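The structure appears below as structure tokens.
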Amino acid sequence: MDSNSVFPRISLLVFLFIYTAYNTVNAVKVFNIRDNNGIPDGKTDNSQALLSTWEKVCKVDGGTVLVPSGIYYVKSALLQGPCIGQTIFSVIWIEFNQVDGLSITGNGIFDGQGSSTWAHNGNHNAKASSTCTASLKLKFVWNSSIEGITSKNSEMFHLHVNNCDGIGISHMSILAPKESPNTDGIHVSSSNNVRVSNVNIATGDDCISLGPGTTNIDISGITRGPGHGISIGSLGKYPDEKDVDGITVPNCTLSNTLNGVRIKTWAPSPPSIVSNVTFQDILLKNADNPVIIDQQYCPSNSCSHQGDSRVQIKDVKFVNIHGSSSILDAVNVMCSKSMPCQGIEFSGLNIIMNGNGQPTTATCSNVNADFLGNTVPTHCS
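In case it helps, mature numbering (1 follows the signal peptide of the UniProt record, and there is no 0) puts the sequence shown at residues -27 to -1, 1 to 354.
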């Protein structure tokens, strides 16, 4: 079947600035896509207009691509230096690659129009995953920011941050139906010093997911629901995965989510480490599974589990996690038999059943978790 009949064309409704800079002291020059034959009718292919605009930006020491308000249809295109490395618009709908000092701002909308792909994209379908695209990807990008934009109805991830350092993401809206598979809001992998703040997310998969090799990540002020909550993982699926360290998740609200906060690893798995993680001041509103550590993660329920996870989880704190759960067993900590969790601590925990206010319970295995002070649940069973 022709791929264009299965996977839709993508439109961009934007008032969007894309700014790259060698040196911020240089005067910023603005290049308008409409001055390069860009047509915002939602039908005309603007790939060449975007390419022409980008080429002009790359010839100055600092520049701005201006996409004024309108609906722009853009096919895949290759945009490359000699500005700052290269920028690629290809397999991922829009990918920025090897850019230092990138700023994406505005009140525009990245509309992935992914609805016709979702039927092919369920149950972690590898073939579909290789064909479906993320709406926006940053790869080998440094000291950069995204602010104010909206992403909706992506084919897969809305925003993928990979092999980046020094990324700020704030005041975004990320939207997709509850039933849309694999439409993670923000996925971060192999990246350092990423700050995500004040983002509203409602999708069919993880609000934010952190993959292998993520370090020094701060996620705050997230408003989430529906979806699958905030996840570290899945981890341990592939050999030589890098460790995860220094994750803080404060001041978030999770409403009617399938999960709250969780860490998930495959079994069996190669060895790696997850350490120094804090989930703090999380408000739950009718969450299905508020707190999870799952070291036998298997999304399709078809795994043999012939062996244990060798991902070591240690020094994880759950502080002031409070609100309501849709299930009685609100805390579920299932650690690896061969690599038991270490330093798991709960304090200020207060999770009650939605509706009747009944105290919830906790189930744990292969861990000696500490429940400090007056907590609900009070202990592991």
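Note that the Cβ used here is the ideal one computed from N, Cα and C, for glycine as well. As the structure is a computational prediction, the values presented were derived from the model and not from experiment.
Residue i and residue j closer than 9 Å at C-beta
i: Gly206; j: Tyr270; result: yes
i: Trp115; j: Asp73; result: yes
i: Phe130; j: Ile159; result: yes
i: Gly280; j: Asn323; result: no
i: Thr251; j: Thr226; result: no
i: Leu132; j: Leu75; result: no
i: Pro199; j: Thr238; result: no
i: Ser124; j: Ile147; result: yes
i: Pro223; j: Ser204; result: no
i: Ser153; j: Asn126; result: yes
i: Thr334; j: Asp302; result: yes
i: Ile142; j: Ile174; result: no
Distance, residue j Cα to residue i Cα
i: Thr(-4); j: Ser338; result: Its pLDDT being 38, under 50, Thr(-4) is placed unreliably in this model, and the value from its coordinates should be taken loosely. If you take the alpha carbons of Thr(-4) and Ser338, they lie about 53 Å apart.
i: Leu183; j: Gly87; result: 23 Å
i: Ile255; j: Asp267; result: 19 Å
i: Asn232; j: Cys353; result: 19 Å
i: Gly202; j: Ile44; result: 31 Å
i: Ile65; j: Ala22; result: In this prediction, Ile65 has a pLDDT of 44, which is less than 50 and means its spatial position is unreliable; nothing more can be read from the coordinates.
i: Ile236; j: Val30; result: 42 Å
i: Val47; j: Asn249; result: 42 Å
i: Ala107; j: Thr196; result: 21 Å
i: Asn262; j: Glu318; result: 18 Å
i: Asn80; j: Thr37; result: 16 Å
i: Asn10; j: Asp18; result: 10 Å
i: Ile265; j: Ser311; result: 19 Å
DSSP state of residue i mapped onto helix, strand, coil
i: Val64; result: With a pLDDT of 33 at Val64, under the threshold of 50, the predicted position of this residue should be treated as unreliable, though the coordinate-derived value follows. Looking at Val64 - three-state DSSP - the assignment turns out to be coil, as it is neither helix nor strand.
i: Gln21; result: helix
i: Arg283; result: coil
i: Ser88; result: helix
i: Asn339; result: coil
i: Trp115; result: strand
i: His295; result: strand
i: Ala(-1); result: Confidence in Ala(-1) is poor, its pLDDT being 44 and thus under 50, which makes the residue's placement unreliable; the coordinate value appears in the next sentence. Ala(-1) falls in the coil class under three-state DSSP.
i: Asp254; result: strand
i: Ala50; result: Residue placement at Ala50 cannot be trusted, given a pLDDT of 48 that sits under 50; the coordinates are not used to answer.
i: residue 356; result: Nothing in the structure corresponds to residue 356, since the chain is present only between -27 and 354.
i: Glu128; result: coil
i: His93; result: helix
i: Thr26; result: helix
i: Asn224; result: strand
i: Cys180; result: coil
i: Ala260; result: strand
i: His352; result: coil
i: Ile122; result: coil
i: Gly15; result: strand
i: Leu231; result: coil
i: Gly141; result: strand
i: Thr156; result: coil
i: Gly206; result: strand
Contact belief for residue i with residue j at Cβ below 8 Å, rounded distance in angstroms
i: Val134; j: Val172; result: 13 Å between Cβ atoms; not a contact.
i: Gln253; j: Val292; result: 4 Å
i: Ser117; j: Asn136; result: Actually they do not touch by this definition, with Cβ atoms about 13 Å apart.
i: Pro313; j: Arg283; result: Not really, about 12 Å apart at Cβ, beyond 8 Å.
i: Pro185; j: Val217; result: 7 Å
i: Gly177; j: Lys151; result: 6 Å
Residue i Cβ short of 8 Å to the ligand MN heavy atom set
i: Glu28; result: No copy of the ligand MN occurs in the structure displayed, which carries no ligand at all.
Run of the beta strand (DSSP E) containing residue i, from where it starts to where it stops
i: residue 367; result: The structure shown does not extend to residue 367, since the chain is modelled only from -27 through 354, so no value can be given for it.
i: Glu175; result: Per the sequence shown, the amino acid found at residue 175 is Ala instead of Glu. Here the beta strand (DSSP E) through Ala175 covers 173 to 175.
i: Gln269; result: Note, Gln269: premise wrong, no beta strand (DSSP E); not H, not E.
i: Glu318; result: 315 to 320
i: Gly79; result: 75 to 79
i: Met326; result: 323 to 326
i: Met307; result: 302 to 307
i: Asp191; result: 188 to 193
i: Thr238; result: 234 to 238
i: Val33; result: Looking at the DSSP string, Val33 is not in any beta strand (DSSP E), and its letter there is neither H nor E.
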